[in-house]
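Just so you know, the sequences run in chain order A and B. 242 is the number of the first residue of the first sequence in the working numbering; add one for each residue after it. 2 is the number of the first residue of the second sequence in the working numbering; add one for each residue after it. Heads up, the beta-carbon is just placed ideally off N, CA and C, and yes, glycines get one too. Notes for the one structure printed next.
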Amino acid sequence: MNCDDFRKHVHAYYQDRLSEAQRRDLERHAAGCTACGELYAVAQQLSCRELVEFLDDYVEGQLAAERLVVFERHLSLCADCVNFLRGYRAAQAAARAALGDAAAALDVVPMPDDLVRAILAARRA
Amino acid sequence: MEDAGAPPARAPDRPDAEARLLAALRAGEPRAFELLVREHGPRMRAAIVRLRGPVADVDDALQDAFLAAFRGLAGFEGRSRLSTWLHRIAVNAALMRARARRDEPAEDLEGLLPQFSPHGAFIGGQRRWAEAPEVELQREELRAGVRAAIDRLPENYRIPLVLRDIEGLSHAEIAEGLGTSVNAAKIRVHRARQALKTLLEQTLPGPPR
Chain A
242 MNCDDFRKHV HAYYQDRLSE AQRRDLERHA AGCTACGELY AVAQQLSCRE
292 LVEFLDDYVE GQLAAERLVV FERHLSLCAD CVNFLRGYRA AQAAARAALG
342 DAAAALDVVP MPDDLVRAIL AARRA
Chain B
2 MEDAGAPPAR APDRPDAEAR LLAALRAGEP RAFELLVREH GPRMRAAIVR
52 LRGPVADVDD ALQDAFLAAF RGLAGFEGRS RLSTWLHRIA VNAALMRARA
102 RRDEPAEDLE GLLPQFSPHG AFIGGQRRWA EAPEVELQRE ELRAGVRAAI
152 DRLPENYRIP LVLRDIEGLS HAEIAEGLGT SVNAAKIRVH RARQALKTLL
202 EQTLPGPPR
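In structure tokens, the structure reads:
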């Protein structure tokens, strides 16, 4: 296995999609190659699951620097997490676009007279 | 004589008009109460709807809010705008109504959260998202689809999401409003965003890009 093969297969490795022989090849390459070994080590430090678990702290700028550098490193290597992060931010933006103040202004409709009467009657009650 | 059928009086649009309205309310002038309800009711109602979605007791929550406001008028010191104060009261009234439903089993987010392999990698990969989908999401025609997706969130996740990402409350404030721990409030906000992401992927016409 060379470095290109390693990069091609490393994601499948973490998704448990490699055969036993492929797994051994990949681990052997990581053990003998400084650059790929570093990638392998970063992935061991922080999995996609852990990245997602702390993603709210990341988007809100609340991650400690030690964790932040590992986060950024993982994101530089993992297209899945990049897409997950974009989708997560999109969900926040979508909520603001659909329900934020500008959008909410469109939902402001005059009070029905019977509702006004009911509220005023409840005050007197 | 309070007559809700009469044409509404002119709305106060200046700080001194707000001061006059407050004085009239404190003096117990019936027309002032009607003016307050007609002037501020629509925005308070919209705030309740966006927090809770299409639920049956929106108008009950609005009535709760006004009764709380009438009771609290004596204590309103004018440090914030009247509209800001009333907005906060409306949100609280909506939360009280939502909390009253607590006996009902909390809905979960089955199928809307990501799945991971034993190694902690995504199972099934991730849908591609554009680098800055925010711009696309401003498009008016997408708004209805996004609203529909938000309406599909269980209320126990929708409310924390709206409180955090729309109302801008802290996790501690959300926890207080929901009667949960701070950590539970934080987790609900986080999961709600993930679930909304999945719902948007299911409902929007292709990833916005």
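| Check | Outcome |
| --- | --- |
| Contact criterion: CB-CB distance below 8 Å. Does Ala336(A) meet it with respect to chain B? | yes |
| Using the C-alpha atoms, what's the distance from Phe117(B) back to Val323(A)? | 16 Å |
| Within this structure, are the beta carbons of Ala193(B) and Arg159(B) separated by less than 8 Å? | yes |
| For a contact meaning CB atoms closer than 7 Å, what does Tyr329(A) contact in chain B? | Arg194, Gln195, Lys198 |
| Which residue comes first and which comes last in the alpha helix (DSSP H) that contains Gln64(B)? | 59 to 73 |
| For Asp166(B) versus Gln303(A), is the C-beta spacing smaller than 8 Å? | no |
| So, using beta-carbon positions, are Val163(B) and Arg51(B) closer together than 8 Å? | yes |
| Answer with yes or no whether the minimum CB distance from Phe312(A) to chain D is below 8 Å. | In the structure shown, chain D does not exist; the protein chains are A and B. |
| Ends of the alpha helix (DSSP H) at Ser317(A)? | 306 to 318 |
| Any C-beta of chain A sitting closer than 8 Å to the C-beta of Pro8(B)? | Because Pro8(B) sits at a pLDDT of 49, beneath the cut-off of 50, its placement in the model cannot be relied upon, and the point is left open. |
| Check the Cβ-Cβ distances between His381(A) and every residue of chain B, and say whether any is below 8 Å. | The shown model of chain A, from 242 to 366, leaves out residue 381(A), and the question about it has no answer. |
| The ligand NAD and His88(B): does any heavy atom of the ligand fall closer than 7 Å to the residue's C-beta? | As for the ligand NAD, it is missing from this structure, which has no ligand bound. |
| Does DSSP put Phe117(B) in a helix, a strand or coil? | strand |
| Considering only the beta carbon of each residue, do Arg27(B) and Leu96(B) sit closer than 8 Å? | no |
| Do you know offhand how far Glu108(B)'s Cα is from Ala306(A)'s? | 36 Å |
| With DSSP run on the structure shown, which of helix, strand or coil describes Phe34(B)? | helix |
| According to the Cβ coordinates, are Pro115(B) and Val293(A) closer than 8 Å? | yes |
| Could you tell me the distance, in whole angstroms, from the CA atom of Arg128(B) to the CA atom of Pro353(A)? | 45 Å |
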